[in-house]
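Okay, so here's the structure we're looking at.
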Amino acid sequence: MSTGRFAAVLSLARQGFSVGVEFGAHSLEALVGIAETVEESVYEAGSLAGTATGISFALANPPLRTGAFGEVRLRIDGAPVPSDALRARTATAPDWRTASTVSARAPLELAAGVRTEFAVDGDWGPSDGELTVRLELTSIAIPPLVWFEFRDRVRSGGPG
Amino acid sequence: MTAGPAGPARYGPPPVLLTTLSSAALLDGRGDLELAREARGAPGEWGGVYGQLVRLTGPWRLSLVVDGSSRSLPETLVEAGGGSDRWQTRHRWGRLEVAETVVATEEPPGAVRRLRCSLTDGPALTLTLRSRFVPFLLPVLVEGIRPARYRADARPGELRVRQRGYGLSFRSSVAPSRLYANGVAWVGNSREGPVEEFASDHEVVLTPEAPVEVTFLISGGLERSIPDTASSELATGDPIEVADRAERARVAWEARTPIVRFPGAPELERAYALARSALRRLYSAPGDGLVGLVAGYPWYAAIWCRDLAWMLPAVLWLGDFDWAERSIDSVFRFQARSELPLLGGEPGELPMQIAPGPLFLYGTSDTTLYYPELVLRLARHAGRASVPGQWRDALARIAGWGRARADAETGLLRNGGEAETMEIAAGPVARIRYGIDAPDTTIWDSTDRRDHAIDVQVLWWGALRATAELLEGRPGPPDPAGLRALAEQVAGSVTSRYAWPQEGYLYDSLRAGAPVAQLRPNALRAVSAGLLAPETARSVVRRAARDDLTTPWGVRTLSSADPSFDPGTYHDGQVWPIATAWAADAALAAGERELGLAYLTSIARQLAAQAPHANECFRGDREEPFDSCFVLGFSVAPFLTILFERLWGLEVDGRGPRLAVRPAFPESLPRASIDGLRVGTGSARLRYRSGRLSVDWSGGAPLRLETAGGTTWVGPGESAEVDVAAGGSAAPPHP
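Protein chains in written order, with this note's numbering: chain W, 61 to 220; chain B, 4 to 738.
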């Protein structure tokens with residue numbers, strides 16, 4: 061554990077203690093429960109997989125915000141993915157769309173509880189390596205960038 | 004104002020919102036609890052049952068199954084109607100008739116559906132009612148996520164579903180013959196895992212002579228609040244009685260509020276009644292001892308403390324002092340006492356949101372600043388000589404919080420950076436990271452108005468003055484004189500550093516010492532606060548009335564001439580009724596009476612067109628709700644407050660008692676009246692006609708009546724008539 065991470069864990073423990081003392085154990089439990097729900101309900105754990113042309117992964121929910129997104133970007137280990145190498149489809153719009161076709165006039169629509177699959181073309185390292193994937197979405201109604209980042213091991217045998 | 008109303012606004016059929024203090028049911032009125040609404044630019048489904056500010060379900064649908072054929076309730080709809088307490092529909096399918104009543108229930112928090120099924124003629128038949136609902140079980144403050152996994156237990160008389168401390172209970176008066184999970188028959192007992200839908204079949208045999216009633220109830224919220232016993236009998240027993248009780252409570256509440264009349268402006272009078280009714284529907288006592296008002300529906304169905312702060316002045320003018328006091332107390336309970344960067348909290352800061360759990364989150368620059376003035380308002384309206392000691396301690400902490408964010412040279416408060424703080428705090432420890440890159444969280448929280456947004460400075464100035472008054476005589480820091488001096492410094496900085504002579508307006512913010520030349524309605528708050536010289540105030544009001552900022556359907560969040568203007572963007576171009584209310588308030592404060600009335604009339608027209616709801620916002624290029632909650636406290640409460648404070652020009656102080664009346668009625672509004680205005684423990688009746696004011700007073704002590712011309716004393720049970728321009732005698736009567 062790095063010094064920075066150790067300090068962060070200590071700070072977290074101190075904050076948790078403060079919340080418990082000042083606002084009660086129920087509060088601490090409820091806040092932790094919400095954080096865990098969000099963590100577990102967006103990225104489908106284990107869905108990062110190698111495909112014939114690159115990698116794929118799935119989200120069970122939109123990250124924090126629903127609605128129409130006029131821009132979709134992806135970074136893998138910090139490197140931007142070209143928009144014509146990124147495709148997405150949802151349970152309600154099952155045809156693959158390339159990110160380069162997404163715009164304010166033709167947005168990608170994401171709804172709560174609706175699964176979204178992403179496929180990325182390209183060579184992203186060893187088939188069993190770990191990747192940090194960062195998804196960035198721009199809403200057409202509320203500008204600030206919504207982002208979601210996870211790190212996972214690439215499994216073999218994803219959908220083509 | 005550039006033009007009058009743009010003709011009748013076109014809205015779709017209004018959604019149906021049934022509420023209690025602890026629950027809500029959202030539907031489209033066709034029989035099922037489903038409600039498709041545009042949200043954030045895309046279709047979304049918001050129908051279902053809400054309890055304790057937790058969305059219990061997504062859509063909840065019933066279908067009729069006879070001999071293998073089925074029809075949904077909406078497919079068989081014949082007629083529909085109702086109000087805020089119940090919704091009733093009639094359905095027909097061949098010789099089968101169904102009358103449904105939907106009611107939100109307070110205890111247990113949820114919604115009940117009663118179906119009376121009958122046959123017109125012919126032989127008996129077996130009807131299967133199939134119930135299908137999507138479980139949700141997450142507080143509404145978490146937008147856009149439906150949990151992935153649930154635990155379900157089927158036991159006699161109940162299906163219970165749980166998700167991390169939240170739960171729902173599904174009951175019916177006719178036991179299910181079959182259960183389904185994800186469309187597959189389910190034997191019952193317990194299951195755990197992903198669930199898209201629960202369904203159940205309920206069979207009844209009908210004959211023309213024997214109609215059958217079937218009742219369904221979904222209730223819940225916090226799992227620990229759901230009783231183990233079948234205590235839902237009352238709600239399932241007679242939903243009509245439940246609705247009648249809710250209606251009686253609502254009518255009784257309205258009867259205690261002032262009766263406001265404008266004989267020459269029926270649209271204002273009707274808008275007052277509509278706004279008052281909409282505000283009452285937002286009242287919330289969701290559990291865990293919390294009291295407040297929900298910000299709006301459907302996606303802001305939580306207690307947002309900034310929104311609450313905009314609603315409470317109206318609640319006070321409506322005379323509900325107790326609700327205002329309990330609401331403020333609920334917010335103060337969650338004041339941060341130490342650094343909580345993961346929640347965005349700094350010592351002294353008040354929460355952005357509170358919900359049962361209890362759940363709370365900080366991270367705004369402005370929410371905290373509203374509350375000192377709210378406490379002062381409560382003291383004045385209710386006639387409290389002092390505020391509770393724990394509130395005074397909370398106010399002292401608020402002053403400390405603000406001072407820590409204030410610039411030493413200018414006194415100006417720094418806004419922004421909260422989301423970044425939370426991200427930094429969470430980064431090193433989180434396995435999964437997520438966020439919204441909102442660098443700033445003022446009332447327009449989706450745009451960047453750092454470092455010193457003008458309206459935040461007005462709030463800071465008001466908070467300092469209110470805190471100084473409330474802490475007078477309290478031992479220990481902060482020193483009220485120091486707070487007043489700081490308020491003066493802030494006022495000086497506002498007048499000297501925000502002036503924008505080229506526009507005759509105020510800059511929107513200062514960033515790194517340089518003015519931010521964006522034209523937004525937020526500058527109007529400085530006019531309302533009285534911080535500007537009269538001529539400057541009028542200039543600001545007139546500039547705001549030009550058609551780049553003011554449209555026939557209200558005021559934009561940003562001038563259309565600004566390079567970053569986008570008519571579809573929440574805080575960079577959309578029209579917000581609260582911004583229109585600011586414009587009305589400022590115009591009346593600056594003496595632009597006809598202009599102020601025009602803004603109020605514009606809001607009144609919209610309220611009538613949307614009744615019983617009040618949209619959050621509209622596109623900036625046409626009168627079309629976009630990314631808009633269909634009812635929002637922001638859109639009704641400021642309108643109510645302005646009627647009392649600006650149009651009537653009322654100031655109350657029940658501690659005297661004292662009533663100041665400085666009306667701003669334009670010539671086009673020569674008559675007005677208020678019955679039942681609460682001032683402390685007393686009540687006043689006001690009649691205004693062409694400059695003459697009569698006041699009847701029912702309080703226990705003489706009322707000091709102040710008008711522009713002087714002071715008049717009105718004894719208990721007595722009346723007085725004064726010229727509001729000339730005033731009366733200043734001699735107080737003997738008690």
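For every residue, glycine included, the Cβ atom is placed at its ideal position computed from N, Cα and C. Remember, it's a predicted structure, so these values are computed and weren't measured experimentally.
Annotation: Cβ neighbours of Pro361 (chain B) in chain W (cutoff 8 Å, chain order): Phe83, Gly84, His86, Ser87 and Ala90. The beta carbon of Thr97 (chain W) falls within 8 Å of a beta carbon belonging to chain B, placing the residue at that interface. Shown here, Trp700 (chain B) sits in a strand according to DSSP, grouped into three states. Contact between Tyr365 (chain B) and Gly348 (chain B) holds: their C-beta atoms lie close to 4 Å from each other, under 8 Å. For Gly465 (chain B), the three-state secondary structure derived from DSSP is helix. Unbroken beta strand (DSSP E) stretches of 3 residues or longer found wholly inside the region 661 to 722 of chain B: 661 to 664, 674 to 682, 685 to 692, 695 to 700, 706 to 710 and 713 to 717, given in chain order. For Ala589 (chain B), the enclosing alpha helix (DSSP H) begins and ends at Pro580 to Ala592.
Taking a Cβ-Cβ threshold of 8 Å, the residues of chain B close to Thr126 (chain W) are Ala42, Arg43, Ala45, Gly47, Glu146 and Gly147, in chain order. Contact check for Ser121 (chain B) against Pro214 (chain B) passes: the beta carbons are separated by less than 8 Å.
The straight-line gap separating the alpha-carbon atoms of Thr572 (chain B) and Pro167 (chain W) is approximately 15 Å.
His205 (chain B) is bridged by DSSP to B:Leu132. For Ala298 (chain B), the closest Cβ of chain W is not nearer than 8 Å.
DSSP lists no bridge partner for Trp49 (chain B). A Cβ of chain W is located within less than 8 Å of the beta carbon of Ala441 (chain B). Asn618 (chain B) sits close to Ser631 (chain B), with the two beta carbons spaced by under 8 Å.
Secondary structure in the region 80 to 166 of chain W: the alpha helix (DSSP H) runs of 4 residues or longer, each lying completely within the stretch, are 85 to 101 in chain order. Your pair Pro203 (chain W) and Ser449 (chain B) checks out as a contact, with CB atoms roughly 6 Å apart and the cut at 8 Å. In the structure shown, Leu561 (chain B) adopts coil according to DSSP, grouped into three states. Pairwise C-beta distances place the region 262 to 275 of chain B out of contact with the region 296 to 312 of chain B, as fewer than three of them are shorter than 8 Å.
DSSP places Ile243 (chain B) within a helical segment (H, G or I) once states are collapsed to three. By the criterion of a C-beta distance shorter than 7 Å, Arg43 (chain B) is surrounded in its chain by Asp630, once the five residues flanking it on both sides are discounted.
Counting along the chain, Gln492 (chain B) sits inside the alpha helix (DSSP H) bounded by residues Pro483 to Arg500.
Within the DSSP secondary-structure output, Ala42 (chain B) pairs in a beta bridge with B:Ala45. Annotation note: the region 364 to 440 of chain B contains the following uninterrupted alpha helix (DSSP H) runs of length 4 or greater, listed N- to C-terminal: 370 to 385, 392 to 408 and 421 to 429. Counting C-beta atoms within 10 angstroms of its own C-beta, Gln492 (chain B) has 16 or more neighbours from the protein chains shown and is therefore classed as buried. Counting along the chain, no alpha helix (DSSP H) covers Glu196 (chain W); the unbroken beta strand (DSSP E) around it starts and ends at Glu190 to Ser199.
For Val141 (chain W) and Val198 (chain B), the gap between their C-alpha atoms comes out near 34 Å. Nearest neighbour of Tyr103 (chain W) by Cα position, chosen from W:Thr192, W:Thr198, W:Ser216 and W:Leu205, turns out to be W:Thr192. For Glu328 (chain B), the uninterrupted alpha helix (DSSP H) run begins and ends at Phe324 to Phe335, by DSSP. Residue pairing by DSSP places Trp503 (chain B) opposite B:Tyr508 in a beta bridge. Burial of Thr583 (chain B) is indicated by the presence of at least 16 other C-beta atoms within 10 angstroms of its C-beta.
Counting C-beta atoms within 10 angstroms of its own C-beta, Phe77 (chain W) has fewer than 16 neighbours from the protein chains shown and is therefore classed as exposed. Within chain B, the residues placing a beta-carbon under 8 Å from that of Ala201 (chain W) are Arg43, Gly44, Gly571, Thr572, Tyr573, Phe629 and Asp630, ordered along the chain. A contact between stretches requires three or more CB pairs, one per stretch, nearer than 8 Å, and the region 388 to 402 of chain B fails this requirement with the region 268 to 280 of chain B. Among the CB atoms of chain B, one or more fall inside 8 Å of the CB of Gly93 (chain W).
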